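First comes the structure, then the notes that go with it.
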Amino acid sequence: MSFLTSSLLENFDWLEHGFGTRQSNPAQTGMASVKQIHSDVAFVAHEPGCVGEGDALLTRTPGIAVSVRTADCFPILLVDRDTRAVAAVHAGWRGTAAGILATTLARMRSEFGTEPGNVLAAIGPGIGQCCYEVGLEVARQFGMAQAGKLDLAVENRDQLVAAGVQPTGIELVGGCTFCHPAQFYSWRRDRDRAGRMVSFIRVTAPALTGGA
């Protein structure tokens, strides 16, 4: 299936996850998704299918895979080790600037009692700073004084830390989507010819009483 995995997440026997590549062909059975709109909107998924328009999905329902589709934007997978709540986030520059990760973590807290310090986060493949030249309008959204190269992975990592996720609980997985055409789709490189890669996370068993 050629999915990339996170060393932080792969050791939980109640969890399945994967970051898609060009070679991935994920089964759609049991998969929940959103119509992605580059926003800070997060939904709770209780069943498979398209939940609505937004850019993050969270669940604690066993068997439901929450998923996002990317081709330069970053797929970010979150897991609360205590409550077994999980989330899949689509983070392009607009969603990142809007605070999609903070919104998702806040929703995980309100829905499932998640404490950010208990969250592990895996940031999947996306366009690297090496290839991501942005104009002044976008640069200013991230405190840059002039147009230049934006490190969107670091921006998202910093937002996770600011929201309370431990730095040691964050992992970057995969490389630059633009730089590796044999492995990844890239919208900036291929434009309308670019496909999309599906990344997902799924709880396979409910949390035990008193935590995981």
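To convert a position in the sequence shown, counted from 1, into the working numbering, add 230. For each residue, glycine too, the CB sits at the ideal point set by N, CA and C. Predicted, not measured: the structure shown is a model, and the values here were computed from it.
Supposed close pair residue i, residue j - CB separation, criterion 8 Å
i	j	result
arginine 426	arginine 324	Incorrect: roughly 17 Å between the Cβ atoms, too far for contact.
valine 349	leucine 335	7 Å
leucine 234	valine 403	5 Å
serine 297	serine 263	5 Å
proline 355	phenylalanine 414	6 Å
glycine 284	isoleucine 267	7 Å
isoleucine 431	valine 316	5 Å
proline 305	alanine 286	About 11 Å separates the two Cβ atoms, so there is no contact after all.
Buried versus exposed, by CB contacts within 10 Å (16 or more), residue i
i	result
glycine 441	With a pLDDT of 49 at glycine 441, under the threshold of 50, the predicted position of this residue should be treated as unreliable, and no value is reported.
aspartate 302	buried
leucine 438	exposed
glutamate 385	buried
glycine 358	buried
isoleucine 294	buried
cysteine 406	buried
alanine 321	buried
serine 416	buried
glutamine 389	buried
proline 436	exposed
threonine 344	buried
aspartate 310	buried
proline 411	exposed
proline 397	exposed
arginine 314	buried
threonine 434	exposed
Identified DSSP bridge partners for residue i
i	result
histidine 247	Ile431
glutamate 283	Lys265
aspartate 171	Not covered by the structure: residue 171. The range shown for the chain is 231 to 442.
serine 232	In the DSSP output, where bridge partners are listed per residue, serine 232 has none listed.
threonine 345	Here the sequence assigns glutamate to residue 345, which means threonine is not the residue at that position. Per DSSP, none; premise fails for glutamate 345.
valine 296	Ala262, Ile431
valine 352	It should be pointed out that residue 352 corresponds to alanine in this sequence rather than to valine. Its beta-bridge partners are Leu307, Glu401.
valine 274	Leu288
valine 364	Gly378
Can you give, in chain order, each stretch of the alpha helix (DSSP H) that sits fully within the stretch 310-337 and has at least 4 residues? Runs of alpha helix (DSSP H) with 4 or more residues, each lying fully within the stretch 310-337, are found at 323-328, listed in chain order.
For the stretch 393-420, which segments carrying the alpha helix (DSSP H) assignment without a break, of at least 4 residues, lie completely within its bounds, in sequence order? Note on the stretch 393-420: whole alpha helix (DSSP H) runs with a minimum of 4 residues are 417-420, in chain order.
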